[in-house]
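Per our numbering, residue 594 is the first one in the sequence shown, and the count goes up by one each step. Note that beta-carbon positions come from the ideal geometry of N, C-alpha and C, so glycine has one too. Here the structure is laid out as structure tokens; the discussion comes afterwards.
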Amino acid sequence: MWNCMGISNCLSVVCLLLTVWIEVSQSSGYFELQLIAVQNANGELSDGDCCDGERNTQDLRCSSDECDTYFRVCLKEYQTEVTTTGLCIYGTGSTNVIGGNSFQFKSAKNNQNRINDGGKIVIPFQFAWPGAYTLIVEAWDWDNGTHSSSGEDLLIERSVRKGMINPGDDRQTIQHNGPTANFEYSIRMRCDENYYGSKCNKQCRPRDDGHGHYVCDQFGNRGCMEGWMGTYCTTAICKQGCNLLQGSCSAPGECTCTYGWQGPFCDNCLPYPGCVHGTCVKPWQCSCEKNWGGLLCDKDLNYCGTNKPCKNGGRCMNTEPDEYNCACPDGYSGKNCEIAEHACVSNPCANRGTCHEVPSGFECHCPAGWAGPTCAKDMDECASNPCAQGGTCIDMENGFECLCLPQWAGKTCQIDVNSCHGQCQNGGICKEGRRGYVCACSLGFVGRHCEIQRNSCASGPCRNGGRCHTLLDGFMCECPHGYTGTTCEVQNNLCSPDPCQNKAQCHSLMEDFYCACPDDYEGKTCSELKDHCKTNPCEVIDSCTVAVATNDTQEGVWHISSNVCGPHGRCISQPAGNFTCSCEPGFTGTYCHENINDCVPPPCKNGGTCIDGISSFQCFCPDGWEGTLCDMDVNECSRNPCKNGGRCVDLLNDFYCQCQDNWKGKTCHSRESQCDSSTCSNGGTCFDHGDTFRCTCPSGWRGSTCNTAKNSTCDSNPCENGGTCVGAGDAYTCICKDGWEGPTCAQNANDCNPQPCYNGGVCVDGVNWFRCECAPGFAGPDCRINIDECQSSPCAYGSTCVDEINSFLCVCPLGRAGPHCQEFIGIGKACRYSGLQFPHGSRWEEKCNTCQCVNGNVRCSKVRCGRRPCLLRRGAPGPDSSAPCPGGQECVEHQFLTCFAKPCHQWGVCSTPDPPLPLHTQCEPNSGYLDNSCARITLIFNRDKVPQGTTVENICSELRYLPITQTLAKERTLLILCDLSYSNSDAVEVAMSYDQDGQERNGDRGQIQEAASAIVGALSKRHNSTVMLAVVEVKVETQVMPQSVDHLVPVLCVVFSVLWIFCIVVCVWWTRKRKKERERESAAEDSTVNNQLEPLRVSLPQHKDNRDKDIQHECKKLMSPPDRTCDGAEEEEEEDGEEEELRRGGMELDKCSTQKCSLAGVQDKMMAKGGVICTMRSAPVKPPHRTAYSPKDNRCKNLSAANVSEDVKDHYV
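What follows is the structure, encoded as structure tokens:
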């Protein structure tokens, strides 16, 4: 027992170590060098000696033996002045002996995707790739008996390469032409699986577990697997049709029902517990099915018909609910006639079958090869014709036998004894020969038929204590701590170079490393900013500072700063939720996201490429130059390339040997010719001119040995967005500015991933920066501050203010209501609405309307809400995806939804029990109709900001649910319709109108203009809707001139015109009257003066006549027309006739018996005119004396002369 447990523990440890080894062996990337061709024409070492043996005394060639060439590679940090000694910080690699003096790997050159292990060197790394590197490639002689192995005695040639390289599949081909040997190789750098980015430090490991279900794209971004959604793909998409009001899911395609519901779509209710044969409409009901009764529907009213309990031909009879009797036939008994009496006595089972009595009779257990109720049926194994190639099948008991034809053998005659067919196992290849067949076994197998697996670990290939594991095609070494490689030959330290970032300390562990991150960072290498508020409770202090609960401080809190200013800035809080960024040296910009370009002006000389750093720069020098500023000419003579006494002359990126004693060649190494295969580089053709040579260079190359490129690969400016191009042979590398990535710096790095904005804020991605556009009610650089709307004390009359998101709630005292408790409503009755009771004064939402209870009456706004959009739960979430349908409704498909931002197939509408009300309006979008009750609003969107999966109906629903819309529809029904604009694909046209409701249309124009202006004003403010945040322009159209005439203005104009005309007429009449009265007053004044100064003489007829006339004129003048009531008095037009009669001698005065002068009238005349006052006596005037000259019978009698004179004096004062 203990041994078994010990073995189990050992196996567990081995499995754990294997798992750890597999995980650790995956570094963040690797540097790959592929040799293409090597040429050492003379078989020499770098010091001029032969690799093996001595030189030939005749031609001085190294002809005794070739070099045993192998390569070493050292990869280290970028060095301005390269030192070939010291540590290879990035890694090392080497090959076995791969050739002699000259050799090549044509397969690698012709097909660079094909891996050739003989010429490939791979250097893995586990740190963020810095981009710049120094590569030292050396060719060495493995075995040289004439030299010691110390120093560089066995060095053949060395190539030093500096440059920049980014991850990718493309290779950079490099040609090295040295004084001793030439070799060509290609390099590339690739990220390991699950690592991405220009530094191979962005990790995205596809997973399908409880922490996420996603894959990774080419940039390392997560993409949800089918059936999952959410930021980390942890939310499952439930089964199509699943009622989400009554069910949910934890895995795609599931539908887990809530308590009280069941069924594949959670649309079936659970009946009452214990209900057997009943159904329900709502949970916990029990409605009995047919033939069932009882409280739990468990009483079978037709037990015989339902269950048929009687066996073996018994007859069933129902007696009472759940009760029956069976009338059994002969030979059977029991409740259900199930008992057969002594069934196995007759041995019914044949062919050695075993009989067992069972309640229903007997049962036979048959031996192999037999079947049937009594084991009497022989199973025919030949029925399937198992014998091939014409073999004859013989059925046997529990088997068969094949009689094969000659040349065929095997169980089913399938093996041709003279053929290869089917002979070789485990992938072996069969070859026919004279003496039969021979199997060419695949790797790892031996034997005549390749049936034996070879033990690859028998030779002990693992070094440094590595443990060997045999695999199908080889072996695998499990290396101890500190070693790696195929055979554990490389000693490594996972903390060297340091993989940890942001000043984190690296700790080396068993086959792993650990980075002790500072408080503000997290991740494997401490490269990610840490969001403390996702794991700990936080309290906002100001715009930039958040207090996090912790046990590490005495106060119990720890203050952290917002990360909006990035890793190179410090956030400084400002009033009203604003902030500024204080940048570190070397950075600038609003968010400290811009690295100050230290390469302006260009500091590098002689064509060097400047790479900007942080308050620094680095120069990448072209071939032939070195130094910090590329201002130092490389001395190619420092290695003494000239042999046999030749004198070296340094050139630009080249050298020249002045040979002595008839030595020839580039390095004075030949007696025969100036030219050999290594004299001219890059395909140049060498011509021997006796004392010297000349190289004819191919297109694109120049120099004495064709070693300088005319055109750089960077001449076409392949790097975009300010990237710096560094040429490398026939390839180039782009050094991207912060915020850009990709081979040509064309990809804008997503600074909004992961989402940095809280509380629904929208992240705006910039170039190496982001900005959070906060939802209404929130502020701060990352929208963590909830604005306290109660700070301004908006609630009155002793009410309590409750802060909400972008709003506040006033808890009003009894008798008050309204948003600010400003309305006095007193105490009233409660209201019942939709089966619920609401207290007096309360408010609630009803679809897109708001309702209020006022003393038992419900008053709601009148917005036509329409059918609300909803998700069909079969695609990616779109805007407002969290808003389900109201209770009792479900999301159904609708074929007339208009898509604004694809994809929209996941959208439907909420079902309604009643059909929608018909629309009777001419005010529709894109109709061109416009009147006093119709307004059109055109919303123009920024397509880049519109969320995917947005329909026009979504936008229309947003407008209907605006609070201002409810305010506008308090008295009249407001109708809002939307459609995609016909003239602009980025616009949505909205038509809004009021229903007539029996009111006149004349007053609509002002109301509809007010409504349109209010909607536009609401859209101009910040709000929570992501869709409305994308609106960039709003256009409003209303009718300029109304169609119907307003009669009030014309009527007023007419009235004022008539008044003016009347005033003018009155003024003219009054003027003429005054003029006429003045004329009469002048005449009256003259007569009055004469009558006062001279006594009347009645003896003269003309005097008498004038006196009578004056008396009558003055009476008429002083009395108003109603007061002058002289009976029989004559009008003014008769006065001329009377004067004529008086002249004839009829001097008479009419008797005025009824003539009176009203005192009021007289006084008025006196005050108005200041003339003579006429007074009348109460006694009648004496009758006038009628003369012969006056034939008329006047009612006024003539007076005597004396009396008249006296009376006149009495009348005039």
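- request: Using the Cα positions of Asn1450 and Thr1560, report the straight-line distance between them to the nearest angstrom.
  value: Near 19 Å, if we compare the C-alpha coordinates of Thr1560 and Asn1450.
task: With DSSP collapsed to three states, give me the class of Gln839.
output: DSSP places Gln839 outside both helix and strand once states are collapsed to three, so it counts as coil.
- prompt: Is it buried or exposed for Phe1378, if we count other Cβ within 10 angstroms and need 16 for buried?
  reply: In the sequence as presented, Phe is not what sits at residue 1378; that position holds Ile. Classification of Ile1378: buried, given that the 10 Å Cβ count is 16 or more.
query: Does DSSP put Arg1085 in a helix, in a strand, or in coil?
result: Note that residue 1085 is Asn in the sequence shown, not Arg. Correct three-state label for Asn1085: coil.
message: Can you give me the C-alpha to C-alpha distance between Ser1520 and Asn1547, rounded to a whole angstrom?
response: One C-alpha to the other measures close to 21 Å.
- prompt: For Thr1619 versus Pro1540, is the C-beta spacing smaller than 8 Å?
  reply: For the pair Thr1619 and Pro1540, the CB atoms are nearer than the 8 Å cut-off.
message: Please state the DSSP three-state secondary structure of Ser557.
response: With the chain covering 594 to 1806 only, the question about residue 557 has no answer from this structure.
- request: Tell me whether the beta-carbon of Gly1320 lies closer than 8 Å to the beta-carbon of Cys1329.
  value: No, Cβ-Cβ distance for Gly1320 and Cys1329 is not below 8 Å.
- prompt: Just the Cα atoms here: how many angstroms apart are Pro1092 and Gly790?
  reply: Near 16 Å, if we compare the C-alpha coordinates of Gly790 and Pro1092.
task: Kindly list the residues whose CB is nearer than 7 Å to the CB of Gly846, restricted to its own chain and excluding five residues on each side of it in sequence; keep chain order.
output: Excluding residues within five positions, the ones whose Cβ falls inside 7 Å are Gly820, Lys832.
query: Just the Cα atoms here: how many angstroms apart are Cys1750 and Pro1643?
result: For Cys1750, the pLDDT reaches just 34, beneath the cut-off of 50, and the residue's location in the model is therefore unreliable, although a value from the coordinates is still provided. Going by the C-alpha atoms only, they are around 50 Å apart.
task: Below 8 Å CB to CB, which residues in the same chain sit around Ser1155 once its five sequence neighbours on both sides are set aside?
output: Here the set comprises Ser1136, Cys1137, Thr1138, Val1139, Cys1164, Phe1172, Gly1373, Pro1374, Asp1375, Arg1377.
Inter-stretch contact (C-beta, 8 Å, three-pair minimum) for the region 1254-1274 and the region 1298-1309: Using a C-beta cut-off of 8 Å, the region 1254-1274 makes contact with the region 1298-1309, since at least three inter-stretch Cβ pairs fall below that distance.
field: Beta-carbon proximity of His1282 to Asn635, cut-off 8 Å
entry: No; because the gap between Cβ atoms is not below 8 Å, this pair is not in contact.
- prompt: Going by the beta-carbon positions, is the gap between Gly984 and Cys1013 smaller than 8 Å?
  reply: Not a contact, by the Cβ cut-off of 8 Å.
message: Here's the rule I'm using: 16 or more other beta-carbon atoms within 10 Å means buried, otherwise exposed. How should Leu1652 be labelled?
response: Exposed, by the Cβ-count rule.
- prompt: When burial is assigned at 16 or more other CB atoms within 10 Å of the CB, is Val1658 buried or exposed?
  reply: So Val1658 counts as exposed.
- request: For the alpha helix (DSSP H) containing Val1620, list its first residue and its last residue.
  value: Following the DSSP letters along the chain, one finds Val1620 inside the alpha helix (DSSP H) bounded by residues 1619-1622.
- prompt: Ordered along the chain, which non-local residues of its own chain (more than five positions away) have a Cβ less than 7 Å from that of Thr1063?
  reply: Asn1048, Ser1049, Cys1050, listed in sequence order.
- request: Identify whether Glu670 lies in helix, strand or coil by the three-state DSSP scheme.
  value: Residue state, collapsed to three classes: coil.
query: Looking only at C-alpha atoms, which of Phe776, Arg1264, Gly622 sits nearest to Phe718?
result: Its Cα nearest to that of Phe718, the residue Gly622 stands out among Phe776, Arg1264, Gly622.
task: Would you list the one or two residues that DSSP bridges to Trp821?
output: Answer is Ala829.
field: Beta-ladder partner(s) of Tyr896, from DSSP
entry: According to DSSP, Tyr896 bridges with nothing at all.
query: Distance, Cα to Cα, Gly1754 vs Phe1655?
result: Reliability fails at Gly1754, whose pLDDT of 37 lies under 50, so the model's placement of it is uncertain and no value is given.
Beta strand (DSSP E) runs wholly inside the region 1461-1533, at least 3 long, in chain order: For the region 1461-1533, whole beta strand (DSSP E) runs of length 3 or above, ordered along the chain, are 1462-1464, 1492-1494, 1500-1503.
- request: Pair every Cβ in the region 1202-1209 with every Cβ in the region 1231-1248, then say whether three or more of these pairs are closer than 8 Å.
  value: Too few Cβ pairs lie closer than 8 Å, so no.
- request: Could you pull out every residue in the same chain whose Cβ sits closer than 7 Å to the Cβ of Ala1033, ignoring the five residues on either side in sequence?
  value: Once the five neighbours on either side are set aside, the close Cβ partners of Ala1033 are Gly1021, Ile1022, Lys1024.
- request: Check Glu1672 in the structure and name its three-state DSSP category.
  value: The answer is helix: DSSP assigns Glu1672 an H, G or I state.
field: Among Gly1296, Glu1313, Pro799, nearest to Ala1339 - alpha-carbon criterion
entry: Comparing alpha carbon positions, the residue from Gly1296, Glu1313, Pro799 closest to Ala1339 is Glu1313.
task: Mind checking who His769 pairs with in its DSSP beta bridge?
output: His769 is bridged to Phe776.
field: Cys1621 classed as buried or exposed, judged by whether at least 16 other C-beta atoms fall within 10 angstroms
entry: Correcting the residue identity first, residue 1621 is Met in this sequence and not Cys. Buried: at least 16 other Cβ atoms inside 10 Å.
- prompt: In angstroms, rounded to a whole number, what distance separates the CA positions of Val715 and Tyr1184?
  reply: Taking the CA atoms as reference points, Val715 sits about 41 Å from Tyr1184.
- prompt: What is the DSSP secondary structure of Gln719, reduced to helix, strand or coil?
  reply: Under the three-state reduction of DSSP, Gln719 is assigned to coil, being neither helix nor strand.
task: Starting from the C-beta of His1042, find all residues in its chain whose C-beta is less than 8 Å away, skip the five residues before and the five after it, and write them out in chain order.
output: Within the same chain, Cβ atoms closer than 8 Å to the Cβ of His1042 are found at Gln1016, Cys1017, Gln1018, Gly1021, Cys1032, the five residues on either side in sequence being excluded.
- prompt: Are Arg773 and Glu745 touching if we call contact CB-CB under 8 Å?
  reply: Position check: residue 773 holds Thr in this sequence, whereas Arg was assumed. No; because the gap between Cβ atoms is not below 8 Å, this pair is not in contact.
query: Does the distance from the CB of Pro902 to the CB of Asn929 come in under 8 Å?
result: Contact: yes.
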